[in-house]
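S.K.:
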Amino acid sequence: MKLEDFYFKMALNIKPILDDTTLRDGIQMPGLAVKPKDAARIAQLLSEIGVERIELFHYQKPDKKAAKLIQKMNLDLRVAGWCRAVKEDIDSAIECGFNEVGISHPVSDIHFKAKWPEKSREQLLANVVEVVEYATKTHGLRTFVHGEDSTRADWNFEKEFINAVAQAGAECYRICDTVGIGLSDPNAPLPNGIPAKVKAIKKETKIPAIEIHAHDDFGNAVENTMAAIRAASGLWDKVYASTTFLGIGERAGNAETEKVLLNLYLQYSVKKFEGKTYKL
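Here the sequence shown is numbered in numbering that gives the first Met the number 0, starting from 0 and rising by one per residue.
#1: Among Glu47, Arg40, Gly30, Gln70, which has the Cα closest to the Cα of Lys271?
#2: Would you mind listing the alpha helix (DSSP H) stretches within the stretch 83 to 154 that are 4+ residues and don't spill past its ends, in chain order?
#3: I'd like to confirm the pairing. Which residues does DSSP put opposite Gly80 in its beta bridges?
#4: Please state whether DSSP places Ser46 in a helix, a strand or coil.
#5: Buried or exposed for Phe56, please, with buried defined as at least 16 other CB atoms from any protein chain shown within 10 angstroms of its CB.
#6: Using a Cβ-Cβ cutoff of less than 6 Å, which residues in the same chain neighbour Gly252 once the five nearest sequence positions on both sides are dropped?
#7: Does DSSP classify Ile174 as helix, strand or coil?
#8: Closer than 6 Å by C-beta to Phe217: which residues in its own chain qualify, once you throw out the five before and the five after it? Chain order, please.
#9: Which same chain residues, not among the five before or five after Asp108, have their C-beta less than 7 Å away from its C-beta?
#10: Using a Cβ-Cβ cutoff of less than 7 Å, which residues in the same chain neighbour Thr142 once the five nearest sequence positions on both sides are dropped?
#11: Going by the DSSP bridge assignment, what does Lys14 pair with across the sheet?
#12: So is Lys8 buried or exposed if we call it buried at 16+ other beta carbons inside 10 Å?
#13: Can you give the Cα-Cα distance for Thr150 and Asn126, rounded to whole angstroms?
#14: Provide the residue(s) that pair with Asp19 in DSSP beta bridges, ordered along the chain.
#15: Leaving out five residues before and five after Ile206 in sequence, what residues of the same chain have Cβ atoms less than 6 Å from its Cβ?
#16: From Ser268 to Glu87, what does the alpha carbon distance come to, in whole angstroms?
#17: List the residues that DSSP assigns as beta-bridge partners of Ser232.
#18: Measuring only the C-alpha atoms, how far is Ile174 from Gly146?
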C-alpha cells in the first residue's frame, strides 16, 4: 500500500498560508511563560515545518528581546508585531524592527458595550482607520486587521469596517472566532457561519485577502479553519490560517498548527509541506 491509496485525494484552488500565533496568542495560556531564547527556538521550528508568517508580542522586555532575536535569525518567514488600535503600539512595533503588523480591534456590539460603552460605532471605526493609515501610509508597514469577535458581529457594520480598513491600506482581514462559536456547515448563516462569512467578505468588500483565527471552545477550531480554507478556494489567490503549535492559547486554545498542516498536506495535496512533516 502507498500513501496515495488513502491520501492526496482532494485539491485546493488557492494558496493556504500558515500564520502561527504561538508566540502571541499561545503564550496567553494561563501559567505559560517563554524565555526569549526558547521563543527563538520555537520560531526556528515553525520555519522548518513550513510556517510562512508568525506574530509576536512586543511590549515587555522579554518580548522585545525575543522579537529582536528572531529577526536576527533571518528565518524564511515573515514576522509581524501584534498591536491594538493605538498609535503607541505601532510605534512600539517600529522600535522593535517590525516591517509588518496586525492591528486587533473588536467588531461586535458585545465587545463595544463591554469596553467602550460611551463611544459610538462611528467613533470606534474612525479611530481604527486613523491607526491603520498611520501604519500603512505614514510608516509603510504591511498591515493585517483582526476583527475580534467577528462571529458575533452585525454583518452590515462589519462589512463597513472591512471596507474602511481596506481603503486605509490593510491587505488582509482576520475573521476572529473569538469565543469559538463558528460553524463549518456551508448552510450556516451569518454571523457565525464560517463559509458564509468568507463568501460574503469576497462579495461585499474590497479587502485583498482574508485569514481565519478559530478558537476551540466547542472543539471545532481545526474544522472551522479548514472550512474557511475550502470556502476561500477559487475566490482568492491565497488565504491565511492563524494557528498555534499544540493548539495552546487563551481559554480552550486554538486550531493546532500541526493538525492544519497535516490536513493541508495529506488530505488536500498541498505539496509545499512535503518533506517537512517529519519535524512534527
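Don't be surprised by glycine CBs; every beta carbon is placed ideally from N, CA and C. Predicted, not measured: the structure shown is a model, and the values here were computed from it.
M.R.: Looking at the atomic coordinates:
#1: Glu47
#2: 86 to 94, 108 to 114, 120 to 132
#3: Leu55, Val100
#4: helix
#5: buried
#6: Asp215, Gly246
#7: strand
#8: Gly179
#9: Asp153
#10: Val100, Ile102, Val131, Ala134, Thr135, Gly168, Ala169, Glu170
#11: Lys237
#12: exposed
#13: 22 Å
#14: Ile53, Thr242
#15: Ile161, Ala165, Tyr172
#16: 43 Å
#17: Trp235
#18: 6 Å
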